[in-house]
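Structure record follows, encoded as structure tokens.
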Amino acid sequence: MFRVTIRGKFDGISEAGREQVRAAAGPAFTEAGTFTHDASVSTFTFRCQVPVRDEDDDDKVATQRALAALQAHGHPHQVLRVAVTDMRQIKIRRKTGRA
Numbered sequence: 001m002f003r004v005t006i007r008g009k010f011d012g013i014s015e016a017g018r019e020q021v022r023a024a025a026g027p028a029f030t031e032a033g034t035f036t037h038d039a040s041v042s043t044f045t046f047r048c049q050v051p052v053r054d055e056d057d058d059d060k061v062a063t064q065r066a067l068a069a070l071q072a073h074g075h076p077h078q079v080l081r082v083a084v085t086d087m088r089q090i091k092i093r094r095k096t097g098r099a
């Protein structure tokens, strides 16, 4: 699983588009993607969860799929920055109990 965060700004978004972004807002990573945004809905952070389809999937593949999910929302935008986290690489350190 990859988690992709895309930071950007909207480029001439309509009022109806702003309402759609507000409706798709949330801090969670989902496959369809969620938005967080500033008060005027001019800048955004888009969070998308991208499943691994092939063991050879890498950051580039995850970025392409996340950008496609962002495009699917249909709002004119400019991408400023993309960050990808490969969740397969995350190590969880368990706390051990003291005796």
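With the UniProt record's numbering, you'll find the sequence shown wraps up at 99, consecutive numbering, no jumps. Glycine included, every Cβ here is placed at the ideal spot set by N, Cα and C. Since this is a predicted model, take the numbers as computed values, not measurements.
- With distances taken between CA atoms, A16 lies nearest to H75 out of K91, H75, V82.
- Exclusion of the five residues before and after A62 leaves F2, V4, V50, V84, D86 as the residues of its chain whose Cβ lies within less than 8 Å of its Cβ.
- With respect to the 8 Å criterion, A69 and G26 are not classified as neighbours on the basis of their beta carbons.
- Positions of the alpha helix (DSSP H) runs, each at least 4 residues long and wholly inside the stretch 11 to 77, are given as 15 to 23, 59 to 72 in order along the chain.
- Excluding the 5 residues flanking it on each side, F29 has same chain C-beta neighbours closer than 6 Å at R3, R47, Q49, in chain order.
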